[in-house]
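The numbering of the sequence shown is UniProt numbering, which starts it at 1 and goes up by one. Heads up, the beta-carbon is just placed ideally off N, CA and C, and yes, glycines get one too. As the structure is a computational prediction, the values presented were derived from the model and not from experiment.
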Amino acid sequence: MTRVRVRGIYATALTAACLDAGHTVVQASEPIRERFDADFPGDPAEAMIETTADRQGVGLSGDPEAVAALRERCVDIGVDALDWNEPVPASAVFDGRVVETTGGGAVLDLGEGREAYLPFDAADGYVETDNELRVQVREPAAPWLDGRATVATALRTPGVGALAELEEGDALVAATPDGTAEHELVQTTEMLNVDVPDGWAVRWGRAAEGASFAALREALETAIERVDDLENALDEAGELDAPRAIYRPMETAWVWFGRDSRFALDDRRDTVTATMPGHHRTKAATPAASRAVDFAEAVGVDTDDFPFAAVSSAFGPREGDTLAIEHGKPSGRLITLGSGTVTNCEPSTGKLTLEREMHPGGTYDALETEREAGDVAITRFQEGREWYMTGYEAEDGTNKGTYVNVSTPVELFPDAIRYVDLQVDVVKYPDGTVDVVDEDELEADVEAGDVPRALADRALDVAERLAGGLRD
């Protein structure tokens, strides 16, 4: 089975899921070693699962078959775990054309709608608009984050969570975990007695510290084997011809965890170590909550339900706060529907009212009423509810219609309200007529593989129940 390295706030739960599926977890952190009665070798990983920077989900990179197997395990966590392919995967090589330069780097067109960001300090030489460069992906970007994959001009052998990679260069060792030439891995490289190809240098990863000689040798030999694949791909590509893809040795995929999935991860983690309800929901909301959650679990705080009131009191949201509405789409994109002021917050019930001033111009979706100066949108959310309702009012208080979004369960984070929109909506026109709209868009997402059938059916059921309630 797959050898996988797991990191981040979901590591304990996903380690349990991987072990249950027969995968081998390698290079485990010390807390993971303490929590499990299992063998965790220091061997090279075939794939890596790592929490995204915003803690909303995980990225998976590595051998295509390994990524596919691990992706299935992650998606099986809960009905609102959604997944997407990455068109600019880790370690891929592209010929890119510079389309824009910024203060710290350049934006590259990689072809077929793909873009990447090249920091100037990761480029070999001066970079300006219309330059054609051969680059390699260092860090892919999740589709819901507002960013591009980060690339560099120096090429390396593919490796995710690797003990060792080879990088273009003349030295024997290009980098050690602490960045010094005195690190013991420099001497170890010579002692391994492995012939490193000319023009390539060893880059040791953090996990190489403390790894066995056998593991280090295997990692280095694997990296050397990959040099041939990379050089053959470059030879076949020939001269620069941007934009195009040159080499794709690995796959990258993304899994976003909805609220239900975070609670399912809590249940999985609780089979291994004491876990408070809402452990992952709270940690996903803000990095500041991580130590508080760890402390509560360490001292044995006893609670049967997610303590939203305590979390809201400590970290937000609170009345008077400004919150963004982060409107995820089934395609993986994230749209921010502006920000508003919290005019009412009920921590005991998880209810919150957000008020936004609307800009004039156009009409309100599906309601077909004009958006005018002075209009106000009053939106009512509740933690964990699979829909939210927005009422639009004119400056004089005249009703301009009601719009109900059906979504994955809503999460009220300290700085944003987060969910994935499931396309189908319910509208109540100013004359009192009620319609369910956009079912066809939801069906299209099901056909595209962006929304599971079970989640779509749940959304349609919610919409019909809401429409019945609004008609009464």
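Which residues in the same chain as residue i place their Cβ atom closer than 8 Å to its Cβ, once the five residues preceding and following it in sequence are excluded?
i           : result
residue 477 : Past the edges of the chain, shown from 1 to 472, lies residue 477, and the structure says nothing about it.
G361        : R371
S290        : I9 and K283
Q303        : The sequence given here has Thr at residue 303, not Gln. Excluding sequence neighbours, T303 sits near M276 and P277.
L19         : V25, F36 and A38
Use the C-beta contact count for residue i: other C-beta atoms within 10 angstroms, 16 or more gives buried, fewer gives exposed.
i           : result
D170        : exposed
A288        : exposed
D43         : buried
Q27         : buried
N405        : buried
residue 500 : It is not possible to answer for residue 500, since the shown part of the chain is limited to 1 through 472.
D198        : exposed
Y126        : exposed
S261        : buried
E115        : buried
T398        : exposed
E34         : exposed
G300        : exposed
A211        : buried
T336        : exposed
G205        : buried
D396        : exposed
S312        : buried
Starting from residue i, trace the beta strand (DSSP E) in both directions and tell me its first and last residue.
i    : result
F139 : Note that residue 139 is Glu in the sequence shown here, rather than Phe. First-last of the beta strand (DSSP E) with E139: E132 to E139.
G57  : G57 to G62
I335 : L334 to E346
K295 : Contrary to the premise, residue 295 reads as Phe rather than Lys in this sequence. Taken as a continuous stretch (DSSP letters only), F295 belongs to no beta strand (DSSP E), being part of the alpha helix (DSSP H) at A289 to V299.
K283 : No beta strand (DSSP E) holds K283; the alpha helix (DSSP H) holding it covers H279 to A285.
G244 : The question names Gly, but residue 244 is Arg in the sequence shown. Counting along the chain, the beta strand (DSSP E) containing R244 begins and ends at R244 to Y247.
D421 : A416 to K428
E326 : T322 to G328
Is it the case that the Cβ atoms of residue i and residue j are separated by a distance below 8 Å?
i    : j    : result
V99  : E128 : no
L240 : R203 : no
T52  : I32  : no
L354 : G340 : yes
A45  : G62  : yes
G96  : D80  : no
V410 : R385 : yes
A16  : T271 : yes
L367 : P317 : no
L334 : W144 : yes
V436 : R471 : no
T369 : G332 : no
G159 : A223 : yes
V194 : L230 : no
Tell me which residues share the same chain as residue i and place their Cβ nearer than 7 Å to its Cβ, disregarding the 5 neighbours each side in the sequence.
i    : result
L208 : Contrary to the premise, residue 208 reads as Ala rather than Leu in this sequence. So the qualifying residues of the chain are L163, A164, P177, L185 and L216.
D305 : P277
A123 : T153
T188 : L216
D321 : V342
V462 : E386, W387 and V406
P414 : A285, T286, F315, G316 and P317
A430 : What sits at residue 430 in the sequence shown is Pro, not Ala. Same-chain partners within the cutoff: T369, N399, K400 and G401.
G105 : Y117, L118, P119 and F120
Just to confirm the assignment, what range does the alpha helix (DSSP H) spanning residue i have?
i           : result
residue 473 : It is not possible to answer for residue 473, since the shown part of the chain is limited to 1 through 472.
I77         : Per DSSP, I77 belongs to no alpha helix (DSSP H) and is neither H nor E.
V406        : No alpha helix (DSSP H) holds V406; the beta strand (DSSP E) holding it covers N399 to S407.
E190        : E184 to M191
F306        : Neither: F306 is in no alpha helix (DSSP H) and is coded neither H nor E.
F213        : F213 to A237
I9          : First-last for I9: undefined, no H or E at that position.
R259        : R259 to D270
G468        : R453 to R471
V446        : E439 to E447
Is residue i close to the ligand SAM? I mean its beta-carbon at under 7 Å from any heavy atom of the ligand.
i    : result
P249 : Questions concerning the ligand SAM fall outside what the structure shown contains, since it holds no ligand whatsoever.
Looking only at its chain, what residues have a beta carbon closer than 6 Å to the beta carbon of residue i, apart from the 5 residues adjacent to it on each side?
i    : result
L82  : W256
A66  : T2, E46 and A47
R269 : T12, A13 and T275
E251 : P64, V67 and P89
P41  : V26
R244 : D95 and G111
N131 : V98
Could one say the Cβ of residue i lies closer than 8 Å to chain C's Cβ atoms, at least one of them?
i    : result
V406 : Structure shown: chain C not included; a single protein chain is present.
Item to check | Three CB pairs or more closer than 8 Å across the stretch 169–188 and the stretch 132–141 | outcome: Contact annotation: the stretch 169–188 does not touch the stretch 132–141, with fewer than three C-beta pairs closer than 8 Å.
Next on the checklist: Counting beta carbon pairs with one atom in the stretch 250–261 and one in the stretch 57–69, are three or more of them shorter than 8 Å?
Outcome noted: Contact between the stretch 57–69 and the stretch 250–261 is present, because at least three Cβ pairs lie under 8 Å.
Checklist entry - Using 8 Å as the Cβ pair cut-off and three pairs as the minimum, do the stretch 338–352 and the stretch 298–316 touch? => result Yes: at least three Cβ pairs fall under 8 Å.
Checklist entry - Do the stretch 80–97 and the stretch 142–155 make contact, defined as three or more Cβ pairs closer than 8 Å? => result With a cut-off of 8 Å, the stretch 142–155 and the stretch 80–97 count as touching, because enough Cβ pairs lie within range.
Next on the checklist: Quick check: the stretch 413–426 against the stretch 322–329, are at least 3 beta-carbon pairs closer than 8 Å?
Outcome noted: They touch, by the three-pair rule.
Next on the checklist: Tell me whether the stretch 422–437 and the stretch 451–468 touch, counting them as touching only if at least three CB pairs, one residue from each stretch, are closer than 8 Å.
Outcome noted: Short answer: they touch.
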